[in-house]
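Notes for the one structure printed next.
Protein chains: 2
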Amino acid sequence: MSDTEDHRPGDPQTDPTTRPHTGRRRNEAAHRAILDAALQLLAASDGTPVTIDAIARTAGVGKQTVYRWWPSKGAVLLDALTDRADQDVPDRPDTGALRTDLRAFIAATFDAAQRSTTASALRAVAREAARDPHLADLMRTFTATRRTALHELLARGRERGELAGDTDLELIVDQVYGVLWYRFLLGHGPLDATVAERLADTLVAGNAGNIGNGGNIGNAGNGRQSDDGPTRG
Amino acid sequence: MSDTEDHRPGDPQTDPTTRPHTGRRRNEAAHRAILDAALQLLAASDGTPVTIDAIARTAGVGKQTVYRWWPSKGAVLLDALTDRADQDVPDRPDTGALRTDLRAFIAATFDAAQRSTTASALRAVAREAARDPHLADLMRTFTATRRTALHELLARGRERGELAGDTDLELIVDQVYGVLWYRFLLGHGPLDATVAERLADTLVAGNAGNIGNGGNIGNAGNGRQSDDGPTRG
DNA sequence: TGATTGTCGAGACTGTTAGTCTTGTCAATC
DNA sequence: GATTGACAAGACTAACAGTCTCGACAATCA
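Residue numbers (my numbering), protein chains in the order written: chain A, 8 to 240; chain B, 8 to 240.
Structure follows, in structure tokens:
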């Protein structure tokens, strides 16, 4: 729940530190009802976009009340999604071995994305984000946490020597989340535990360094350079 | 140019085989002007969606003329994009070695996606597709050709023993196009020749079979099973 | 107690856009 | 010359995000 302190942007009156605050107080129940309505509609969404009117009507609330506390439709939707998705943030496995850590992380991530309520909401928000640059930005922040967690997991493995010193960790992160989003949004391939294992194993094997990197073709060391910084964008 | 034979859907009169066709003929110049206008607007798009009115106005054409030949805005946009993107379909390198084939294919694909005209149009169409299920379908067909080409390239390598016999080729395809779309749409990381090489090399190394698949951690053979069929969805 | 402030639900309003319908014109065929 | 159908122009409808207005209500202050 990242929303309990929303203000009307640029409205210092709502900051209780400056002035005692007169006037009627914010109705927490309405606020809660809006988030619940938004999540319910997102979860039930069949592809048609969720409208503000529908959210307000479902919540039994005036439209203005929605816009008093959120700057745009996208912000409401993301708050509703966050409210839900924070419940199933993948934990950060630390088994001491990269391959098993990675397997667990990817499997948990795939699994979380597939939970029916989350999945439908996530898809709906992603669709909105395609048209709403502000929401797209919020989505980037939303995903950055998970990207960072994966990056750290990989960095730990690299420090232990399980990945080559010049491994491009960001590329691995993008391979994982690229496959996830690609299959999630297009739905043309599975995102199950088997795929998670295959992906984890081949990523580790493919970046393991000079010990077993060749296969049938010698893999000449080609000026790869490491890049750090957990999340670039 | 995949559009020269569009009909008004469900309008058998336009099929010249049934009846000689009376009345004024279709204006090819207008048709061409619409596609050109659409592409021009797509290429110049800054994020704001391209409207049908703008296309018609730019083409010097009535809106009805657009809708006479295309069923929806998405269809026009995709036709315009196809018109352009067919020019830079990556060829199918066949150097005899998987690693170099893959490097060339991925580099060419990344490069084509980045060409300024194509890139802007592609992004705009992808944004539209998020809201327009019909366009999303057309996009899948549009990308299927390229997916198939990559799949075949990989299958060739597997036959030559450069990939393990149980390699999941679809997963590799999705890693390539997943990274491509993910970085292309979010723009948080590069899609250059260096990345193409790294990606190709690690994919080959990670799926090379039992010769050098371990790295520091033994990679126990875990019941992976191959799945063929070039494109599943 | 009464004035002030700010929220509430309701819903009218504005502006934008996809897609349809209408009108008067023009070109091809019968 | 009649019919058919494409044409440009643009009015029209329906959805939707976001704003504005209204009368009611709740909290604070003088």
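C-beta atoms are modelled at their ideal positions from N, C-alpha and C, and glycine is treated no differently.
Asked	Found
Selected residue, minimal CA-CA separation from ASP93 (chain B), among B:ASP199, B:ALA120 and B:LEU192	B:ALA120
Partner residues on chain A for ASP118 (chain B), Cβ-Cβ distance less than 8 Å	Within chain A, no residue comes near ASP118 (chain B); the closest Cβ sits about 17 Å away, beyond 8 Å.
Counted within 10 angstroms of its Cβ, other Cβ atoms place VAL186 (chain B) as buried (16 or more) or exposed	buried
Contacting residues, own chain, Cβ-Cβ under 6 Å from TRP77 (chain B) (five flanking each side not counted)	VAL83
From A:LEU46, A:ASP208, A:THR201 and A:ALA215, residue whose alpha carbon lies closest to that of ARG91 (chain A)	A:LEU46
Whole-Å CB distance - THR148 (chain B) paired with ALA50 (chain B), under 8 Å assumed	The Cβ separation is near 22 Å, so there is no contact.
The segment 199 to 216 of chain B: positions lying closer than 9 Å to chain A by Cβ	THR201, VAL202, GLU204, ARG205, LEU206, ASP208, THR209, LEU210, VAL211, ALA212, GLY213, ASN214, ALA215 and GLY216
Members of the segment 167 to 186 of chain A that neighbour chain B once the beta carbon cut-off is set at 7 Å	GLY168, GLU169, ASP175, GLU177, LEU178, ASP181, GLN182, TYR184, GLY185 and VAL186
Close-in-space but distant-in-sequence residues of the same chain around TRP188 (chain A) (CB under 7 Å, 5 per side omitted)	none
Contact belief for ARG134 (chain A) with ARG190 (chain B) at Cβ below 8 Å, rounded distance in angstroms	Contact flag wrong, Cβ pair sits at about 20 Å.
Assigned exposure category for ALA36 (chain A) - 16 Cβ within 10 Å defines buried	exposed
Neighbour list for ARG54 (chain A) in chain B, Cβ cutoff strictly below 7 Å	Looking at the sequence itself, residue 54 (chain A) is Gly, so the reference to Arg does not match. Those within 7 Å of GLY54 (chain A) in chain B are PRO140.
Residue burial classification, ASN34 (chain B) (beta-carbon count within 10 angstroms, cutoff 16)	exposed
CA nearest to the CA of VAL183 (chain A), picked from A:ARG75, A:VAL202 and A:ALA104	A:VAL202
Within chain A, partners of ALA137 (chain B) - CB distance below 9 Å	ALA133, ARG134, GLU135, ALA136, ALA137, ARG138 and LEU192
Chain-ordered chain A contacts of ARG147 (chain B) [CB-CB under 9 Å]	LEU193 and HIS195
Residues of its chain near ARG163 (chain A), where Cβ-Cβ distance is below 8 Å and the 5 sequence neighbours each way are ignored	ASP101, LEU105 and ASP108
Assigned secondary structure, TRP76 (chain B) (DSSP; H/G/I helix, E/B strand, else coil)	helix
Contacting residues, own chain, Cβ-Cβ under 6 Å from GLY219 (chain A) (five flanking each side not counted)	Because GLY219 (chain A) carries a pLDDT of 43, less than 50, the predicted location of this residue cannot be relied on, and no value is offered for it.
Supposed contact pair GLY213 (chain B) and LEU170 (chain A) - C-beta distance, whole angstroms, cut 8 Å	Contact doesn't hold; Cβ gap of about 12 Å is too wide.
Below-8 Å beta-carbon distance, TRP188 (chain B) vs any chain A residue	yes
GLU166 (chain A), buried or exposed, once every other Cβ within 10 Å from all chains shown has been counted against 16	exposed
Where GLY30 (chain B) falls, given that 16 or more other Cβ within 10 Å makes a residue buried	exposed
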